[in-house]
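Protein chains in written order, with my numbering: chain A, 14 to 125; chain B, 66 to 180.
The beta-carbon is built from N, C-alpha and C at its ideal position, and this holds for glycine as well.
A quick note: this is a predicted structure, and the numbers were derived from the prediction, not measured.
Notes follow the structure.
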Amino acid sequence: KQEVTQIPAALSVPEGENLVLNCSFTDSAIYNLQWFRQDPGKGLTSLLLIQSSQREQTSGRLNASLDKSSGRSTLYIAASQPGDSATYLCAVSKSGYSTLTFGKGTMLLVSP
Amino acid sequence: EAGVVQSPRYKIIEKKQPVAFWCNPISGHNTLYWYRQNLGQGPELLIRYENEEAVDDSQLPKDRFSAERLKGVDSTLKIQPAELGDSAVYLCASSLTPAFSYEQYFGPGTRLTVT
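Set out below in structure tokens:
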């Protein structure tokens, strides 16, 4: 059974810092990996999707990398802002299927 | 383009009462998912539909939960009777096709509180 782990569980940084969120998964037979953002009381917003054949994806200040063989992904946030405060969730889909297995998330707080 | 729509946004009921949640996916998305998210946890799949067919309901507690997607568009998830442990956020998501694992888009969720 696929298990997804996110470290750290919570992170607090001052505005302007660059930061890295980590995600690891136990079964490397994934089809893709998605990073989501969840604001309190809200649904999930997709940030980046990396296909298993890709190594990284970038969107604005966000960069996600994938090392499928080692079962790891990182989400890099450059020049963090208070508006980045949210919970970030990593999820993987199994090869050939689209059901996502999620980690528990990293709660990020960026203080002004 | 409208996103995934869910209603109601919040629901408070007493245990043993029935409750229903509604979801309208993004237009043209043939795959629909219902997830449950407990506090401090990631979402977990309850059921996945491809058009009107439930293709993965292995995690759906069938003794009290039911779901339908009659015309392959909107969907309803029902709980009867509700238990205290059902308090959670119920999320609906949709995507274009499962074969290529397209990106999933989530609705705002329904927060259920069972007292």
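Original post:
When the Cα of Val-84(B) is compared with those of Ile-91(B), Tyr-75(B), Tyr-98(B), which residue comes out closest?
Top reply: Tyr-75(B)
Original post:
So is Gln-106(B) in contact with chain A if we call contact Cβ pairs under 7 Å?
Top reply: yes
Subject >> Residue range of the unbroken beta strand (DSSP E) whose run includes Asp-80(A) >> reply: 75-80
**OP:** List in chain order: all unbroken beta strand (DSSP E) runs of 3+ residues lying wholly within the region 20-58 of chain A.
**Re:** Those beta strand (DSSP E) runs which fall completely within the region 20-58 of chain A and span 3+ residues are 23-27, 32-38, 43-51.
Original post:
Are the C-beta of Leu-111(B) and some C-beta of chain A separated by less than 7 Å?
Top reply: no
Original post:
According to the neighbour-count rule (16 or more other Cβ atoms, all chains shown, within 10 Å of its Cβ), is Thr-100(A) buried or exposed?
Top reply: Classification of Thr-100(A): buried, given that the 10 Å Cβ count is 16 or more.
Subject >> Residue from Leu-57(A), Asp-80(A), Ser-41(A) with nearest C-alpha to Trp-48(A) >> reply: Leu-57(A)
**OP:** For Pro-126(B), decide whether its Cβ has a neighbour in chain A, counting only Cβ atoms nearer than 7 Å.
**Re:** no
Original post:
So Ile-20(A) packs on Asn-35(A), CB below 8 Å; how close in whole Å?
Top reply: Taking C-beta atoms under 8 Å as the contact rule, Ile-20(A) and Asn-35(A) qualify, at a distance of about 5 Å.
Original post:
In the DSSP assignment, what are the bridge partners of Glu-16(A)?
Top reply: DSSP lists no partner for Glu-16(A).
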